[in-house]
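Engineer:
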(Lines of atoms letter the chains of each structure in order from A and count residues from 1; the text may use other names and numbers.)
(Lines give C-alpha, C1' and ligand atoms only; values in the text may rest on other atoms or scores of the structure.)
Protein backbone atom coordinates (compact mmCIF):
# COMPACT_ATOMS: atom_id res chain seq x y z
CA UNK A 1 0.00 0.00 0.00
CA UNK A 2 1.35 3.42 -0.97
CA UNK A 3 -0.05 5.79 1.64
CA UNK A 4 1.18 8.93 -0.09
CA UNK A 5 2.65 9.50 -3.56
CA UNK A 6 6.31 10.47 -3.73
CA UNK A 7 6.49 14.10 -4.78
CA UNK A 8 10.04 14.52 -3.50
CA UNK A 9 11.24 15.92 -6.82
CA UNK A 10 9.84 19.28 -5.75
CA UNK A 11 7.64 21.93 -7.24
CA UNK A 12 8.33 21.11 -10.89
CA UNK A 13 7.52 17.42 -10.46
CA UNK A 14 4.11 17.74 -12.12
CA UNK A 15 5.67 19.26 -15.24
CA UNK A 16 7.80 16.18 -15.92
CA UNK A 17 5.60 13.42 -14.45
CA UNK A 18 4.17 10.81 -16.81
CA UNK A 19 0.73 11.33 -15.27
CA UNK A 20 -2.03 12.92 -17.29
CA UNK A 21 -3.62 14.79 -14.38
CA UNK A 22 -1.42 15.83 -11.46
CA UNK A 23 -2.45 17.47 -8.22
CA UNK A 24 0.41 18.81 -6.12
CA UNK A 25 0.19 20.18 -2.59
CA UNK A 26 -3.45 21.21 -2.97
CA UNK A 27 -5.22 22.88 -0.08
CA UNK A 28 -8.74 24.23 0.02
CA UNK A 29 -10.25 26.12 2.91
CA UNK A 30 -13.31 28.09 3.95
CA UNK A 31 -12.73 30.77 6.53
CA UNK A 32 -10.03 29.40 8.81
CA UNK A 33 -10.97 25.74 8.30
CA UNK A 34 -9.07 23.57 5.84
CA UNK A 35 -11.30 21.17 3.91
CA UNK A 36 -8.44 19.65 1.88
CA UNK A 37 -5.00 19.65 3.44
CA UNK A 38 -1.91 19.40 1.25
CA UNK A 39 -2.95 16.48 -0.96
CA UNK A 40 -0.96 15.24 -3.97
CA UNK A 41 -1.82 12.52 -6.47
CA UNK A 42 -1.54 11.52 -10.11
CA UNK A 43 -4.12 10.14 -12.54
CA UNK A 44 -2.91 8.40 -15.69
CA UNK A 45 -4.44 8.74 -19.12
CA UNK A 46 -7.42 6.45 -19.72
CA UNK A 47 -7.62 5.49 -16.05
CA UNK A 48 -10.71 5.43 -13.84
CA UNK A 49 -9.83 6.72 -10.37
CA UNK A 50 -12.30 6.29 -7.50
CA UNK A 51 -11.95 9.14 -5.01
CA UNK A 52 -13.51 7.78 -1.82
CA UNK A 53 -14.04 8.67 1.82
CA UNK A 54 -16.70 9.41 4.38
CA UNK A 55 -18.99 12.43 4.13
CA UNK A 56 -17.02 15.62 4.72
CA UNK A 57 -13.68 14.08 3.79
CA UNK A 58 -13.11 16.62 1.00
CA UNK A 59 -14.02 14.61 -2.11
CA UNK A 60 -16.38 17.09 -3.76
CA UNK A 61 -14.11 19.97 -2.79
CA UNK A 62 -11.26 18.21 -4.60
CA UNK A 63 -13.32 17.80 -7.77
CA UNK A 64 -14.48 21.41 -7.68
CA UNK A 65 -10.90 22.60 -7.18
CA UNK A 66 -9.72 20.63 -10.22
CA UNK A 67 -12.58 22.11 -12.26
CA UNK A 68 -11.78 25.59 -10.83
CA UNK A 69 -15.41 25.98 -9.74
CA UNK A 70 -14.75 27.75 -6.43
CA UNK A 71 -13.07 31.03 -5.59
CA UNK A 72 -9.36 30.57 -6.47
CA UNK A 73 -8.50 32.38 -3.25
CA UNK A 74 -9.79 29.31 -1.41
CA UNK A 75 -7.17 27.08 -3.06
CA UNK A 76 -3.42 26.61 -2.82
CA UNK A 77 -1.13 24.22 -4.69
CA UNK A 78 -0.84 23.18 -8.31
CA UNK A 79 -3.05 21.24 -10.73
CA UNK A 80 -1.72 20.12 -14.11
CA UNK A 81 -3.56 18.52 -17.02
CA UNK A 82 -1.49 17.11 -19.86
CA UNK A 83 1.37 19.44 -18.81
CA UNK A 84 -0.91 22.50 -18.76
CA UNK A 85 -1.36 24.38 -15.46
CA UNK A 86 -5.01 24.52 -14.37
CA UNK A 87 -4.41 26.19 -11.03
CA UNK A 88 -4.23 29.67 -12.55
CA UNK A 89 -7.33 29.20 -14.73
CA UNK A 90 -10.98 30.14 -14.34
CA UNK A 91 -13.66 27.44 -14.55
CA UNK A 92 -14.35 28.42 -18.17
CA UNK A 93 -10.66 28.17 -19.06
CA UNK A 94 -10.40 24.78 -17.35
CA UNK A 95 -13.38 23.59 -19.38
CA UNK A 96 -11.72 24.73 -22.61
CA UNK A 97 -8.52 22.96 -21.49
CA UNK A 98 -10.42 19.67 -21.25
CA UNK A 99 -12.05 19.35 -17.82
CA UNK A 100 -15.63 18.11 -17.81
CA UNK A 101 -17.44 18.19 -14.45
CA UNK A 102 -20.74 16.40 -13.89
CA UNK A 103 -21.96 17.73 -10.51
CA UNK A 104 -24.15 15.79 -8.12
CA UNK A 105 -27.23 17.93 -8.93
CA UNK A 106 -26.68 17.40 -12.71
CA UNK A 107 -27.83 20.95 -13.55
CA UNK A 108 -30.08 20.10 -16.46
CA UNK A 109 -31.32 23.40 -17.92
CA UNK A 110 -35.09 23.88 -17.51
CA UNK A 111 -37.11 24.74 -20.60
CA UNK A 112 -34.68 23.02 -22.98
CA UNK A 113 -35.12 19.65 -24.63
CA UNK A 114 -32.54 16.89 -24.37
CA UNK A 115 -31.13 17.86 -27.74
CA UNK A 116 -31.09 21.57 -26.92
CA UNK A 117 -29.14 20.85 -23.71
CA UNK A 118 -26.55 19.03 -25.84
CA UNK A 119 -26.49 21.68 -28.56
CA UNK A 120 -25.98 24.42 -25.99
CA UNK A 121 -22.84 22.65 -24.79
CA UNK A 122 -21.51 22.79 -28.36
CA UNK A 123 -22.12 26.48 -29.06
CA UNK A 124 -18.53 27.47 -28.32
CA UNK A 125 -15.37 25.50 -29.17
CA UNK A 126 -13.86 23.10 -28.47
CA UNK A 127 -16.69 20.84 -29.66
CA UNK A 128 -16.49 17.18 -28.66
CA UNK A 129 -18.62 14.24 -29.70
CA UNK A 130 -21.23 14.71 -32.42
CA UNK A 131 -24.91 14.24 -31.57
CA UNK A 132 -24.97 11.03 -33.63
CA UNK A 133 -22.06 9.62 -31.64
CA UNK A 134 -23.70 10.63 -28.36
CA UNK A 135 -26.97 9.01 -29.36
CA UNK A 136 -25.15 5.81 -30.33
CA UNK A 137 -23.83 5.63 -26.76
CA UNK A 138 -27.10 6.80 -25.18
CA UNK A 139 -29.95 5.37 -27.28
CA UNK A 140 -32.44 6.30 -24.57
CA UNK A 141 -31.53 9.97 -25.02
CA UNK A 142 -32.05 9.57 -28.76
CA UNK A 143 -35.57 8.34 -28.05
CA UNK A 144 -36.23 11.37 -25.84
CA UNK A 145 -34.33 14.01 -27.78
CA UNK A 146 -37.41 16.26 -28.07
CA UNK A 147 -38.44 15.85 -24.42
CA UNK A 148 -37.67 18.58 -21.88
CA UNK A 149 -34.53 17.52 -20.03
CA UNK A 150 -35.81 18.20 -16.51
CA UNK A 151 -38.77 15.82 -17.06
CA UNK A 152 -36.50 12.82 -17.58
CA UNK A 153 -36.10 10.16 -14.91
CA UNK A 154 -33.16 10.46 -12.52
CA UNK A 155 -31.11 7.91 -14.46
CA UNK A 156 -31.87 9.57 -17.77
CA UNK A 157 -30.90 12.96 -16.37
CA UNK A 158 -27.59 11.46 -15.25
CA UNK A 159 -27.05 10.12 -18.77
CA UNK A 160 -27.83 13.57 -20.18
CA UNK A 161 -25.39 15.23 -17.79
CA UNK A 162 -22.60 12.85 -18.86
CA UNK A 163 -23.55 13.23 -22.52
CA UNK A 164 -23.46 17.01 -22.19
CA UNK A 165 -19.90 16.77 -20.85
CA UNK A 166 -18.92 14.59 -23.83
CA UNK A 167 -20.40 17.19 -26.18
CA UNK A 168 -17.35 19.22 -25.23
CA UNK A 169 -13.84 18.10 -26.19
CA UNK A 170 -12.89 16.80 -22.75
CA UNK A 171 -9.76 15.06 -21.57
CA UNK A 172 -10.87 14.31 -18.00
CA UNK A 173 -14.40 13.52 -16.82
CA UNK A 174 -15.11 14.39 -13.18
CA UNK A 175 -18.19 12.63 -11.79
CA UNK A 176 -19.68 13.61 -8.43
CA UNK A 177 -22.03 10.94 -7.01
CA UNK A 178 -23.33 9.64 -10.37
CA UNK A 179 -25.22 6.75 -8.71
CA UNK A 180 -27.02 8.92 -6.15
CA UNK A 181 -30.72 8.03 -5.91
CA UNK A 182 -30.62 5.56 -8.79
CA UNK A 183 -31.99 2.01 -8.80
CA UNK A 184 -29.39 -0.78 -9.13
CA UNK A 185 -30.53 -1.61 -12.68
CA UNK A 186 -29.92 2.02 -13.72
CA UNK A 187 -26.54 2.01 -11.98
CA UNK A 188 -25.69 -1.00 -14.16
CA UNK A 189 -26.48 1.07 -17.26
CA UNK A 190 -24.38 4.00 -16.05
CA UNK A 191 -21.46 1.65 -15.39
CA UNK A 192 -21.69 0.19 -18.90
CA UNK A 193 -21.57 3.74 -20.22
CA UNK A 194 -18.49 4.57 -18.15
CA UNK A 195 -16.75 1.44 -19.44
CA UNK A 196 -17.54 2.58 -23.00
CA UNK A 197 -16.18 6.04 -22.25
CA UNK A 198 -12.99 4.51 -20.90
CA UNK A 199 -12.60 2.55 -24.13
CA UNK A 200 -12.56 5.91 -25.90
CA UNK A 201 -9.47 6.85 -23.86
CA UNK A 202 -11.15 9.40 -21.59
CA UNK A 203 -9.72 9.67 -18.09
CA UNK A 204 -12.31 9.62 -15.29
CA UNK A 205 -12.26 10.66 -11.63
CA UNK A 206 -15.26 9.28 -9.78
CA UNK A 207 -16.59 10.38 -6.38
CA UNK A 208 -19.20 7.94 -5.11
CA UNK A 209 -20.69 6.93 -1.76
CA UNK A 210 -21.46 3.47 -3.15
CA UNK A 211 -17.84 2.55 -2.62
CA UNK A 212 -18.06 -1.11 -3.63
CA UNK A 213 -19.65 -0.31 -7.00
CA UNK A 214 -17.09 2.44 -7.59
CA UNK A 215 -14.19 0.14 -6.72
CA UNK A 216 -15.49 -2.62 -8.99
CA UNK A 217 -15.44 -0.10 -11.83
CA UNK A 218 -12.18 1.71 -11.05
CA UNK A 219 -8.54 0.92 -11.79
CA UNK A 220 -7.20 2.81 -8.78
CA UNK A 221 -8.52 4.43 -5.64
CA UNK A 222 -7.58 7.29 -3.40
CA UNK A 223 -9.17 7.47 0.03
CA UNK A 224 -9.50 10.80 1.83
CA UNK A 225 -10.01 11.21 5.55
CA UNK A 226 -10.41 14.60 7.23
CA UNK A 227 -9.01 16.29 4.15
CA UNK A 228 -5.87 14.18 3.71
CA UNK A 229 -4.92 11.12 1.67
CA UNK A 230 -4.76 7.92 3.72
CA UNK A 231 -4.55 5.48 0.81
CA UNK A 232 -3.38 5.60 -2.81
CA UNK A 233 -3.31 2.29 -4.62
CA UNK A 234 -5.28 -0.13 -6.76
CA UNK A 235 -9.02 -0.58 -6.40
CA UNK A 236 -8.53 -4.30 -5.85
CA UNK A 237 -6.32 -3.58 -2.81
CA UNK A 238 -9.21 -1.75 -1.17
CA UNK A 239 -11.71 -4.48 -2.04
CA UNK A 240 -9.41 -7.07 -0.51
CA UNK A 241 -8.59 -5.08 2.64
CA UNK A 242 -11.50 -5.43 5.06
CA UNK A 243 -9.78 -3.42 7.80
CA UNK A 244 -9.13 -0.47 5.48
CA UNK A 245 -12.73 -0.46 4.23
CA UNK A 246 -14.14 -0.65 7.73
CA UNK A 247 -11.98 2.16 9.07
CA UNK A 248 -12.32 4.71 6.29
CA UNK A 249 -15.37 3.68 4.22
CA UNK A 250 -17.59 1.99 6.85
CA UNK A 251 -18.17 -1.03 4.57
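Residue numbers (this note's numbering): 8 to 258.
Each residue gets a CB set at the ideal place from its N, CA and C atoms; glycine is no exception.
1. Just reading off the alpha helix (DSSP H) that residue 160 is part of, what are its end residues?
2. What did DSSP end up calling residue 166 once you bin it into helix, strand or coil?
3. When the Cα atoms are used, what is the spatial distance from residue 186 to residue 226?
4. When you compare the segment 208–228 with the segment 236–250, are there three or more beta-carbon pairs, one atom per stretch, that lie closer than 8 Å?
5. Excluding the 5 residues flanking residue 193 on each side, which residues of the same chain have their C-beta closer than 6 Å to its C-beta?
6. For residue 151, does the count of other Cβ atoms within 10 angstroms reach 16, so buried, or fall short, so exposed?
7. Give me the Cβ distance between residue 67 and residue 214, rounded to the nearest whole Å; I'm assuming they're in contact under 8 Å.
8. I believe residue 271 touches residue 105 by the beta-carbon criterion, under 8 Å. Please report the beta-carbon distance rounded to the nearest angstrom.
9. Do residue 65 and residue 45 come within 7 Å of each other at the CB atom, strictly closer than that value?
10. What is the C-beta distance between residue 242 and residue 57, in whole angstroms, given that I count them as a contact (C-beta under 8 Å)?
Structural biologist: The structure says:
1. Segment: none, residue 160 is in no alpha helix (DSSP H) and carries neither H nor E.
2. helix
3. 18 Å
4. yes
5. 162
6. buried
7. 6 Å
8. One cannot answer for residue 271 here, as it falls past the ends of the chain, which runs 8 to 258.
9. no
10. 6 Å
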